[in-house]
Amino acid sequence: MVGIVVVSHSETLAEGVVRLAREMGGEELALEAAGGMEEEGVLGTDAERVRAAIERAMSDEGVLVLMDLGSALMSAEFAIEMLADGGDRVVLSEAPLVEGAVAAAVAARGGASLQEVADEARRALAMKASQLGVAEPDASVADSASDGHAPSAADAEASLPVLNAIGLHARPAARFVETARGFDADVHVGKLGGAPPVKATSLTNVVALGARLGDTLRVTASGPQASDAIAALDDLAKSGFGDGVAPGAAAPPVETADRPEPAAGTEPPASGATLTGVPAAGGVATGPARLLSGGSLEPPPDRDPAGAEQERERLESALSEAREAVTADRDTVARRAGRSEAEIFDAHLALLDDDALLDPARSAITAGATAERAWYDAAQQVAEQYRGLDVPLLQERAVDVLDVGRRVIGALTGVQTSTSSVSGIVIAGELTPAGAARLDPARVLGIATAHGTATAHAAILARALGIPAAVGLGDSVVEIRDGTTVLVDGEAGTLQVDPPAEVVREAEERRERVAQRRAAARERAYEPGAFKDGRRVEVFANLGSAAEAARAVGHGAEGVGLLRTEFLFLDREELPSEEEQADTLRVIAAALEGRPLIVRTLDAGADKPLPALPMPPEANPFLGVRGVRISLQQPEVLATQFRAILRVAAEYPVKAMLPMVATLDELQAARAVLGEARLATGVRAPLELGIMVEIPAAALTASRLAQEADFFSLGTNDLTQYTMAAERGDERLAPLLTGPQPAVLRLVRETVRAASERGRLVGVCGELAGDPAAAVLLAGLGVTELSMAPALVPEVKAALRSVDSSRAQAVAEQALDAPDAAAARALAAALL
Ligand code: PEP
Ligand code: MG
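Per numbering that gives the first Met the number 0, the sequence shown starts with residue 0, numbered consecutively.
Okay, structure coming up:
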């Protein structure tokens with residue numbers, strides 16, 4: 000890679016510019032500061048310092064030198080003369096220092112030549128000019144960067160929406176350029192309705208497009224990897240170019256678009272048909288289908304209009320009522336799932352004030368329509384416009400229009416059917432965590448999705464909310480008409496359309512039995528977890544937010560076996576400070592009233608990008624830089640987490656846990672960071688450091704890891720994914736992913752064996768722990784702590800209470816030899 004040297008009269012300034020450019024260029028870039036004089040604090044430039052910096056940055060590709068004022072140029076020229084060799088590979092750049100360094104860093108990181116890097120730096124001011132709108136980007140600049148036109152015969156192309164709040168500004172544009180450069184393809188990008196397309200490998204060009212939230216980029220690619228390049232850029236765009244999607248932008252992240260749309264011509268399932276998918280959350284429910292995606296509005300009943308004036312008043316008052324209801328829903332969801340999940344309702348409020356809906360509705364009233372018919376027609380029309388867009392994420396905005404449409408019609412007719420206040424079985428293509436979070440468990444009877452698996456986050460949330468769910472039912476499920484009676488069986492993973500009366504009756508009886516069983520389990524939820532013979536098995540809860548801590552205690556959790564700290568980092572431009580993290584941990588620990596809390600350090604990866612921690616896209620994110628691997632690449636992030644945890648550990652029973660550990664080295668490196676954090680905080684209180692066992696390598700080398708890990712917690716979601724080589728979110732692989740796979744149980748046994756030799760305890764915090772039958776098998780194998788969604792605690796405790804430990808042990812041994820997961824589970828289920 001081309002090296003870059005920043006020369007400035009001020010040492011601080013040079014170092015600051017290097018830091019800034021490194022944000023874009025990454026750690027591996029040879030980026031050197033040469034600022035100030037030898038004598039500390041004295042302003043000026045020093046040829047010897049510049050020479051040394053050039054030598055440090057030197058590579059076969061050469062070095063670009065950026066300078067600030069006057070004598071900086073002279074010092075740089077002297078420095079080149081002083082070089083032993085390589086002087087012919089140094090280019091002095093007249094580019095503006097800050098903008099030039101940033102643009103050069105992005106280009107260098109993408110593997111550009113010295114000349115290309117120098118050109119990029121030179122054009123850097125055009126970015127700012129374009130953003131400020133003070134001048135059009137220099138045409139000659141654009142021309143020199145592109146060939147002036149898009150390739151005539153593109154091999155692949157796409158329209159990509161700009162979904163992040165601040166548009167394609169420097170950092171997201173840098174990600175765009177880096178992605179485009181990563182493929183053997185000639186990629187061009189333009190803005191729909193804007194200037195002609197430019198080469199996508201230039202940061203300047205991409206920023207100069209001035210693409211903002213709501214714009215659509217037209218991207219074309221030609222060459223051997225054209226399709227791959229377009230696919231990667233498409234993925235990047237969906238993540239808001241790594242910044243996250245602005246609330247209300249693509250609006251309804253209720254549904255994701257990264258699955259193929261249902262095949263054209265998919266037929267709605269016939270009356271009486273049963274669709275089979277994956278069991279995701281236990282229980283059974285019948286009710287009217289409520290489609291979150293692809294749904295339609297029920298036309299309002301016909302009636303004679305009462306006169307334009309009166310109809311207008313009715314509409315205005317229905318709009319106010321709807322606004323109040325949306326605001327109330329927003330506050331409820333914010334309390335239940337967090338503020339960011341609730342932001343979807345801000346988009347709904349905006350729609351209630353949107354002239355695109357209001358104008359045609361008011362005109363129709365003037366022309367003699369009833370308020371509900373006028374609003375119905377306007378909502379249908381606007382939803383249709385969204386559906387007609389060629390960007391899937393924008394198409395899905397139609398769902399929000401329909402939702403708002405239902406709300407207002409409901410207020411006008413007295414029949415409420417808004418999806419966020421649905422009472423029925425929610426049906427969706429694929430429910431994102433945000434989509435699931437906005438559902439009200441008091442009203443949603445069941446969930447059925449076309450895609451997803453039992454360990455998908457929406458399924459985890461459904462279990463946490465105690466709503467029966469079947470996922471991965473196939474595309475035809477979203478073809479079911481809104482209002483059709485359906486039966487969801489969360490145990491069998493099925494959905495039946497228009498079930499016969501006797502099936503409904505049977506389901507009702509089963510629901511009643513399940514409800515009674517749950518009520519009985521809840522009565523004894525506060526007893527300690529133990530087998531029938533008294534052998535203790537601690538039953539803990541998994542938390543994904545601070546709000547869940549009190550809920551966990553309420554469900555009888557004896558502690559928290561997994562706090563997923565990702566929630567502190569989601570949707571954030573800046574990393575959370577040590578103080579903020581410590582404050583949040585303190586709130587959670589206090590809510591646990593003395594119960595133990597295991598805090599897992601950040602488990603991020605390219606599969607769930609965090610705006611504050613940009614990560615390059617990966618072909619295979621689940622096998623990429625995630626979990627502890629990121630933490631070790633960015634030790635400051637880990638150190639900050641450790642310092643926050645240490646501070647809280649001084650007051651509460653807190654432990655730390657590392658995700659995705661594969662080797663002893665990783666654990667040792669993290670321990671070293673912990674040691675430094677300890678010195679920095681001065682906290683002497685002991686802090687146990689455990690690891691998640693979720694990679695087969697960790698299970699197989701547990702005896703080595705046990706030398707340094709204070710405890711283990713088996714992450715069976717990932718452990719199953721990696722053992723079975725089956726991506727955890729792919730419903731087509733459900734048979735490989737569902738239930739206690741014998742191969743995974745063997746890894747559990749090996750981990751327990753190795754750990755017990757060193758006196759280390761083993762828990763399970765994967766979803767298996769919350770399945771009562773699987774929980775019995777895991778505890779039978781010697782696991783002493785099970786951690787699960789809070790709502791599942793009482794039932795798992797009840798299951799353990801009903802079995803002798805010796806019996807569980809014997810059955811668990813047999814399960815190791817079972818032919819498949821279903822057979823292994825059935826052995827334990829027979830005991831309950
Ligand atoms: C797991 O992999 O089992 C686990 C608990 O971690 P996560 O689901 O957060 O990846
Ligand atoms: Mg995991």
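For every residue, glycine included, the Cβ atom is placed at its ideal position computed from N, Cα and C.
Inset, instruction - Measure from the alpha carbon of G409 to the alpha carbon of each residue in A321, Q384, A778 and A382, then state which is nearest. - result: Here residue 409 corresponds to residue number 410 of the sequence shown, with the count starting at 1. The candidate whose alpha carbon is nearest that of G409 is A321.
Inset, instruction - Write down the C-beta distance between A655 and T600 rounded to the nearest angstrom, noting that I regard them as a contact closer than 8 Å. - result: The residue you call residue 655 lines up with position 656 of the sequence shown. The residue you call residue 600 lines up with position 601 of the sequence shown. Yes, A655 and T600 are in contact; Cβ-Cβ is about 7 Å, under 8 Å.
Inset, instruction - Determine the burial state of G832: buried for a count of at least 16 other Cβ atoms within 10 Å of its Cβ, exposed for fewer. - result: Since the displayed the chain opens at 0 and closes at 831, residue 832 lies outside it and no answer follows.
Inset, instruction - Output yes or no for whether 7 Å exceeds the beta carbon distance between A811 and L780. - result: Within the sequence shown, residue 811 is the residue found at index 812, counting from 1. Within the sequence shown, residue 780 is the residue found at index 781, counting from 1. Taking 7 Å as the Cβ cut-off, A811 and L780 qualify as a contacting pair.
Legend entry - For W374 and A94, the rounded distance between their alpha carbons: Your numbering for residue 94 matches position 95 in the sequence shown. Your numbering for residue 374 matches position 375 in the sequence shown. Each residue's Cα considered, the two are about 56 Å apart.
Legend entry - Option nearest V381 by Cα separation, candidates D303, A366, I459 and L296: By 1-based counting over the sequence shown, the position of residue 381 is 382. The residue with the shortest Cα to Cα distance from V381 is L296.
Inset, instruction - Take every Cβ of the region 635-643, pair it with every Cβ of the region 734-742, and state whether three or more of those distances are shorter than 8 Å. - result: no
Inset, instruction - Pick helix, strand or coil for V176, following the three-state DSSP scheme. - result: In the sequence shown, the residue the question calls residue 176 occupies position 177. Helix at V176.
Inset, instruction - Compare the C-alpha of A56 against each of P793, M0, D729 and V586 and name the closest. - result: Residue 56 sits at position 57 when you count from the first residue of the sequence shown. Per the Cα distances, M0.
Legend entry - Nearest to A179 (by Cα), restricted to the options A231, V477 and L28: One-based indexing of the sequence shown puts residue 179 at position 180. Ranking A231, V477 and L28 by Cα distance to A179 puts A231 first.
Legend entry - CB contact below 7 Å: T285 versus chain C: You won't find chain C in this structure, because it holds only one protein chain.
Legend entry - Bridge-paired residues (DSSP) for S221: For this step, residue 221 is matched to residue 222 along the sequence shown. Answer is D185.
Legend entry - Delimiting residues of the beta strand (DSSP E) encompassing E76: By 1-based counting over the sequence shown, the position of residue 76 is 77. Segment S70 to M81 is the alpha helix (DSSP H) holding E76; no beta strand (DSSP E) there.
Legend entry - Own chain, CB closer than 8 Å to G86, minus 5 neighbours either side, in chain order: Stepping through the sequence shown from its first residue, residue 86 is reached at position 87. Only I79 and E80 meet the Cβ criterion.
Legend entry - Simplified DSSP state of V4, which is helix, strand or coil: Within the sequence shown, residue 4 is the residue found at index 5, counting from 1. Correct three-state label for V4: strand.
Legend entry - Residues near the ligand MG, criterion Cβ-heavy atom distance below 5 Å: E693, G714 and D717
Inset, instruction - Identify the continuous beta strand (DSSP E) that holds T715 and give its terminal residues. - result: Stepping through the sequence shown from its first residue, residue 715 is reached at position 716. No beta strand (DSSP E) holds T715; the alpha helix (DSSP H) holding it covers T715 to M723.
Inset, instruction - Can you check the region 17-57 for any alpha helix (DSSP H) of at least 4 residues that lies completely inside it and give the ranges in chain order? - result: 46-56
Legend entry - Through-space distance from A733 to V470, alpha-carbon basis: By 1-based counting over the sequence shown, the position of residue 470 is 471. By 1-based counting over the sequence shown, the position of residue 733 is 734. Their backbone Cα atoms lie some 10 Å apart in a straight line.
Legend entry - Helix, strand or coil at I597 [DSSP, three-state]: Translated into positions along the sequence shown, residue 597 becomes position 598. I597: strand per DSSP, three-state reduction.
Inset, instruction - Go through its chain and collect everything with a Cβ distance to Y525's Cβ below 7 Å, but skip five positions before and after it. - result: Your numbering for residue 525 matches position 526 in the sequence shown. Only G555 meet the Cβ criterion.
Inset, instruction - State the CB to CB distance for the pair L208 and L159, rounded to an integer number of angstroms; the pair is presumed to be in contact (CB under 8 Å). - result: The residue given as residue 208 occupies position 209 in the sequence shown. The residue given as residue 159 occupies position 160 in the sequence shown. Actually they do not touch by this definition, with Cβ atoms about 12 Å apart.
Legend entry - For I165, three-class secondary structure by DSSP: The residue given as residue 165 occupies position 166 in the sequence shown. Three-state result, I165: coil.
Inset, instruction - For T448, collect the residues of the same chain with a Cβ closer than 6 Å to its Cβ; drop the 5 residues on either side in sequence, then sort them by chain order. - result: In the sequence shown, counting from the first residue as 1, residue 448 sits at position 449. Closer than 6 Å at Cβ, skipping near neighbours: A427, E429, L430 and V470.
Inset, instruction - Using the Cα positions of V832 and R521, report the straight-line distance between them to the nearest angstrom. - result: This structure does not reach residue 832, given that the chain is present from 0 up to 831, and the question cannot be answered.
Inset, instruction - Identify, in the order they occur along the chain, each residue of the same chain with its Cβ nearer than 7 Å to the Cβ of S270, setting aside the five sequence neighbours on each side. - result: As a position in the sequence shown, residue 270 is number 271, starting the count at 1. If we look at S270 and ignore the five residues flanking it on each side, its Cβ neighbours are V496 and D497.
Inset, instruction - Return yes when the C-beta of G543 is under 6 Å from any heavy atom of the ligand PEP, and no when it is not. - result: Position 544 of the sequence shown, counted from the first residue, corresponds to residue 543. Because no heavy atom of the ligand PEP lies under 6 Å away, the Cβ of G543 does not count as near it: no.
Inset, instruction - Out of G473, T326 and D84, state which residue places its alpha-carbon closest to the alpha-carbon of E266. - result: Your numbering for residue 266 matches position 267 in the sequence shown. It is G473 whose Cα lies nearest to the Cα of E266.
Legend entry - Short Cβ contact (7 Å threshold) for P771 with E794: What you label residue 771 is simply residue 772 of the sequence shown in a count that begins at 1. What you label residue 794 is simply residue 795 of the sequence shown in a count that begins at 1. Yes, these two residues count as a Cβ contact at 7 Å.
Inset, instruction - Take every Cβ of the region 590-599, pair it with every Cβ of the region 642-654, and state whether three or more of those distances are shorter than 8 Å. - result: yes
Inset, instruction - Excluding the 5 residues preceding and the 5 following A545 in the sequence, name in chain order all residues of the same chain whose CB lies nearer than 6 Å to its CB. - result: Against the sequence shown, residue 545 aligns to sequence position 546. Same-chain partners within the cutoff: T583, V586 and I587.
Inset, instruction - Could you give the DSSP three-state label for Q808: helix, strand or coil? - result: Your numbering for residue 808 matches position 809 in the sequence shown. Helix.
Legend entry - Collapsed DSSP secondary structure at S158 in the structure displayed: Here residue 158 refers to the residue found at position 159 of the sequence shown. Strand, per DSSP.
Inset, instruction - Please work out which residues of its chain come closer than 7 Å, Cβ to Cβ, to R48, disregarding the five sequence neighbours upstream and downstream, and give them in chain order. - result: Walking along the sequence shown from the start, residue 48 turns up at place 49. Correct list, in chain order: A33.
Inset, instruction - Could you name the residues of the same chain whose beta carbon sits closer than 6 Å to that of D532, not counting the 5 residues immediately before and after it, in chain order? - result: For the purposes of this step, residue 532 is identified with residue 533 of the sequence shown, where counting begins at 1. Excluding sequence neighbours, D532 sits near D803 and S804.
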